[in-house]
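Since the structure comes first, as structure tokens, the remarks are kept for the end.
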Amino acid sequence: MEHVAGLANLELTEEEIDVYTKQLRDILGYVEKLQKVDTTGVEPTYQTIDGTVNGWREDEVRPSLTQAEALSGAKRVAEGCFVTENVFEFNKARPSVTKAGPFLARSNRDKYNAILTEIFNTEGSDLSSASLQSAERSDPSRIIGHKDLFLTKGVETTAGSRVLEGFLPQYSATVVEKLEKAGYRAKYKFNCDAWAHGSSGENSDFGATKNPWSQEFTPGGSSSGSAAAVAAGMVDLATGTDTGGSIRLPASFCGVTGLKPTYGVVSRYGIVAMASSLDSPGVIGRTVEEVEKAFKVMAGEDERDATLSSKFKVQSSKSSSKFKVIGIPKEYFSAGVDDEVKSAVMEAVSVLKENGFKIKEITLPNSKYGIAVYYLVQTTEAASNLGRYDGIRYGQDRSFFGAEAKRRIMLGTFASSAGYSAKFFEKAARVRTLIIKDFENAFNPPAGGVDVLIGPVSPTPPFKLGEKTDDPLQMYLSDILTVPVNLAGLPALALPCGFTKDNLPIGMQLIGPRWGEEMLFEVGKVYQRLTEWHRRRQKDKKD
Amino acid sequence: MEKTYITVIGLEVHVELKTASKMFCGCRNDPFHALKPNIYTCPVCLGLPGALPVPNKEAIEWTVMAGLALGCRINKESRFDRKHYFYPDLPKGYQISQYEKPFCVDGKITIGDIREIGGIRKIRIRRVHLEEDTGKLMHRSNTGNTSNTGNTSNTGTKDREQVTLVDFNRSGVPLLEIVTEPDIRSAGEAKAVAQKIQGIVRFLGISDADMEKGSMRLEANISMFKGLALPRQGQALPNYKVELKNINSFRFLERAIDQEINRQKKILSCNKAVKQQTFGWDTERQELKPQRVKEEAADYRYFPEPDIPPISLSDRQISDIRNQISDLPDEVFEKLLKAGVSEQAAKVISSNKAVAEKIIGVIGVIGEIGGDNNKEIRDIGNWLMHHQKLAETASAEELVGMFRREKAEVVGDEGQLGKWVEEAVTENRKAVEDWRQGKEAAMQFLIGQVQRKAKGKADVSLVRNMLSSKLANDL
């Protein structure tokens, strides 16, 4: 463990090492099941970009930041340079460990703790001025907010972590700019699990977000503030990112509509990276129409994201009236799924059946390995992506990482370290190929395939705050029905489809083949015309 | 009896490509001429949150070009990988590099004299790959002193704060890495290999490969074992290697390797094992110094870069790149020798890209090598050696014209020349006396005197011959 911590450039206390040793042993015990999967002759999958190659640029000089801008985030500067401790001391263990304790000193701006930062419409803020000047505004009335993973120039962006507290980005995410240009007005930055690591919002270093339907419950994560704010009516729409379910799960727990787009359709440029081969920026709103509209603004090429250059952007050539066959993956209704959830989703299926859709049971036999694959691929990439946070150029140093970030950095560093990479990371990449094949078979019409899949988003209704925080593995299993979609780079739309007897939202997801967003919107709109779930509002209890 | 040792040396050569923009972003690639630190940076090369790399097509094509020039096989399917380690000059905590599928593999270069039997040595190239350079570190204490990264001398005291300044102008500059097999057997050979590589990348026009400016950097791995014969292919090499770093000139490379060979010989002759270790070259003291590095073996946790799609090159793309390669130094050298140009002139011309390109043009103007053309090619070759500046600016046609005009005007009439020689010897008795005392410079002086009379048009070699015999006869 100490060796791994060294590789990860983390300093852990003995206490932490004890805890992580036990937890990593549990998780590694769980992923052991991958070793039994036969992957002979199966190529590993590292990217889901339709075989795209040569995402390169011409050799042209573009403007740089000014020296002042470059240095603006640094704690110490001298002679136009960043300053760090003497480099010969850099790799030596430092004597004292600053332990980042719970940090709640931030003033809560709303009762659900959904908002981290309010964007004021002041002069000098690039965001607002760009918006006011924009002649292309299509819908000026739409108020939106961004998950705090989206960089907003000059407006604090924390990724929900103390490491980035106070960070004022020198640039804005492509998606932030696109929405701004289209006339959406960004008003808030929303709370989330730190670095998007989490299924409940409880990993935010700035305190958990509460579920507007009942404040004892989690809103789901990691785009927790985004979903809660839409559900509570603070904004019309909110951006989110979905790496393993982080848009769909909170949308489902908060009774709102959320889209996880095809991997490679929405630019990731300027969005704090969690796991690069899985991250899908998307959007949460109340209705499919609203989500669709915003998606069309967000989607499309960006020369700054090389994974966006897929040539296979053709939407399904079928006319919408032909989206008629809905697949029910039997694994998504298996024993582990809560009865109330199951019956709400099956009820939705019968609504669609009554309106002319054919229903067909299909099987995704390898989806049971989804979590194991996910927690190896995702942690490996996340550990790598978090390497840049050293406190020299911006933010605080690595001792400010919270417990979950450290846990994932440790797991990912271990899974990709020499001697273990083949057994863990690479094996996971091969099983990932099998999971993709399952979906390809399901969506292959000549082989009796279907147009769209329907299943629950989460195996359970919203759970209580604190219920799973001591058991990371149980928390990870909340994503069991969402992660296969990310591993395959597919689009999925989460929709409210009922309520528990305690009046907590239940959500289902429509899953399409790559580039099948149109189809999801089509079916989703039909469903929302036939049902009222997405219109239901929480009663404003005195809380 | 003295024991014999075989030296096994492998070289790693890093070369900065001189593309207009950096490897993964549009920042200007010109760290050496930047007027201030941190002015050629952006979210990508500063490693800001959310930034993504987009590879520079030109840098990829140049890497393939270098691979082809080094006789490599080109991997049509390749990709970038992340190489992880932590250092303040590496902003992302990983370097985008290539691991399993580099662009070029299995090449070779030759060193030594091509005209001697057994004079040629073939050095295999293991791989040529593309990666990104790091930022630059400068060390300061509050006394205001600066030292470079390579200088590990410890001048710090406890109360003096030692800090490191970081400049990211160089961060993300495309960096070519050329790795040889351990086929090199001596310091001299190592130097020859490095110079050969420098010549090739300069000829390709893809790098300045300037050791002093740091756009070419060398690392050598050295181990030794007892024996008489060179190891055959497949034979086990010693189980250790000593790395030599921070070498910024060919001369220092030779010195550093020789020092290290002597050090290892001493250890081995006492029947002790040489430790695996890294040394840095201390330019001031002209000696190797152990570098502080982590004891445990490096674990870079390589995995495929998920932010960049794989690179796939068609046969057509590769042959297009091959067609851009003009004559390389070796080829020019051989052509010139074939035309009868002196070895010295051939060497000088073939090591200067601009002049070499011009002589190839000149050959084109005159016609093919061979037959009657050779005499003129030879003469122009020898003439160009003394007119390199001119060769760089004038066109091939102009050069041929100038040469022919100059030749036509030369006074080669022995009667006229004899008169001037006679006068020069009579008028400069002191110089004649000096020459008789053995002062060679006096001959030059006398030739100069003849030239003055001839207004610079005298045929120098003829004048020299006539002066020599005149002076000898006068004895």
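Residue numbers (our numbering), protein chains in the order written: chain A, 10 to 552; chain B, 2 to 476.
Even for Gly, the Cβ is constructed at its ideal location relative to N, Cα and C.
In this text the structure is predicted, and so the values were computed from the model without any measurement.
Tell me whether the beta-carbon of residue i lies closer than 8 angstroms to the beta-carbon of residue j.
i	j	result
Leu486/A	Val466/A	no
Gly249/A	Gly229/A	no
Arg573/A	Lys93/B	Residue 573/A cannot be examined here, being either before or after the span of chain A that is shown, 10 to 552.
Leu12/B	Leu219/B	yes
Thr553/A	Gly210/A	Residue numbering for chain A in the displayed model covers 10 to 552; residue 553/A lies beyond these limits and cannot be assessed.
Pro500/A	Glu531/A	no
Asp292/B	Lys336/B	What sits at residue 292/B in the sequence shown is Gln, not Asp. No, the pair does not count as a contact, with Cβ atoms beyond the cut-off.
Phe280/B	Lys290/B	yes
Met419/A	Ala17/A	yes
Gly368/B	Asn374/B	yes
Asn375/A	Leu482/A	no
Gln387/A	Ala284/A	yes
Answer with buried or exposed for residue i, where buried requires no fewer than 16 other C-beta atoms within 10 angstroms of its C-beta.
i	result
Ala355/B	exposed
Asp157/A	buried
Leu504/A	buried
Arg323/B	exposed
Val342/B	buried
His387/B	exposed
Gly145/B	Its pLDDT being 46, under 50, Gly145/B is placed unreliably by the model, and nothing is read from it.
Cys271/B	exposed
Glu24/A	exposed
Glu306/B	buried
Leu19/A	buried
Asn39/B	buried
Lys440/B	exposed
My understanding is that residue i touches residue j, with C-beta atoms under 8 angstroms, so please give their C-beta distance in whole angstroms.
i	j	result
Leu138/B	Gly108/B	Going by Cβ atoms, the distance from Leu138/B to Gly108/B rounds to 33 angstroms, so no, they are not a contact pair.
Leu586/A	Trp204/A	In the structure displayed, chain A extends from 10 to 552; residue 586/A sits before or after that span and is not available.
Ile381/B	Val401/B	7 angstroms
Glu3/A	Lys198/A	Only positions 10 to 552 of chain A appear in the structure, and residue 3/A is not among them; the question remains open.
Ser393/A	Tyr55/A	Contact doesn't hold; Cβ gap of about 13 angstroms is too wide.
Ser337/A	Glu370/A	First, the residue type needs correcting, since residue 337/A is Ile and not Ser in the sequence shown. Correct: roughly 5 angstroms between the Cβ atoms.
Ala426/B	Lys471/B	For the record, residue 426/B in the displayed sequence is Val; it is not Ala. Rounded, the Cβ-Cβ distance is 6 angstroms, consistent with contact.
Asn200/A	Ala123/A	6 angstroms
Apart from the five residues on each side of it in sequence, which residues of its chain come closer than 6 angstroms, Cβ to Cβ, to residue i?
i	result
Lys339/B	Ile370
Leu21/A	Ala14
Ala303/A	Leu246 and Val292
Val9/B	Pro183, Ser224 and Leu238
Arg186/B	Thr8
On a CA-only basis, which of the options is nearest residue i? Give me that one, please.
i	options	result
His130/B	Arg122/B, Ile75/B and Asp184/B	Ile75/B
Asp406/A	Ala77/A, Gly82/A and Thr61/A	Gly82/A
Lys454/B	Val422/B, Gly27/B and Thr181/B	Val422/B
Cys90/A	Gln99/B, Cys271/B and Thr42/B	Thr42/B
Trp542/A	Gly516/A, Phe530/A, Ile520/A and Glu526/A	Gly516/A
Ile179/B	His387/B, Leu166/B, Ser172/B and Val65/B	Val65/B
Lys473/A	Gly253/A, Val28/A and Asn220/A	Asn220/A
Lys204/B	Glu441/B, Ala357/B and Gln445/B	The residue asked about is misnamed: residue 204/B is Phe in this sequence, not Lys. Closest by alpha carbon: Ala357/B.
Phe226/A	Ala427/A, Pro514/A and Leu482/A	Pro514/A
Leu314/B	Leu16/A, Asp59/A, Trp65/A and Gly273/A	Trp65/A
Gly458/A	Val334/A, Glu88/A, Glu25/A and Gly207/A	Val334/A
Thr111/B	Glu415/B, Arg122/B, Thr135/B and Leu177/B	Arg122/B
Lys190/A	Met307/A, Val492/A, Asp511/A and Leu125/A	Met307/A
Gly457/B	Cys46/B, Arg437/B and Glu407/B	Glu407/B
Gly216/A	Ala451/A, Gly38/A, Asp68/A and Tyr121/A	Tyr121/A
Arg171/B	Gly372/B, His34/B, Asp475/B and Asn353/B	His34/B
Pro50/B	Gln537/A, Asp399/A and Val281/A	Val281/A
Might you give, ordered along the chain, the residues of its own chain that have their beta carbon closer than 7 angstroms to the beta carbon of residue i, omitting 5 neighbours on each side?
i	result
Lys242/B	Asn222, Ile223, Ser224 and Gln277
Leu385/A	Val40, Ala424, Phe433, Phe434 and Ala437
Lys534/A	Val297 and Glu298
Glu62/B	Ile322
Val244/A	Ile152, Ile153, Gly154, Lys196, Tyr197 and Ala238
Leaving out five residues before and five after residue i in sequence, what residues of the same chain have Cβ atoms less than 8 angstroms from its Cβ?
i	result
Thr75/A	none
Asn429/B	Phe446, Leu447 and Gln450
Ser134/A	With a pLDDT of 45 at Ser134/A, under the threshold of 50, the predicted position of this residue should be treated as unreliable, though the coordinate-derived value follows. Taken in chain order, the residues that qualify are Ile128, Gly163 and Val164.
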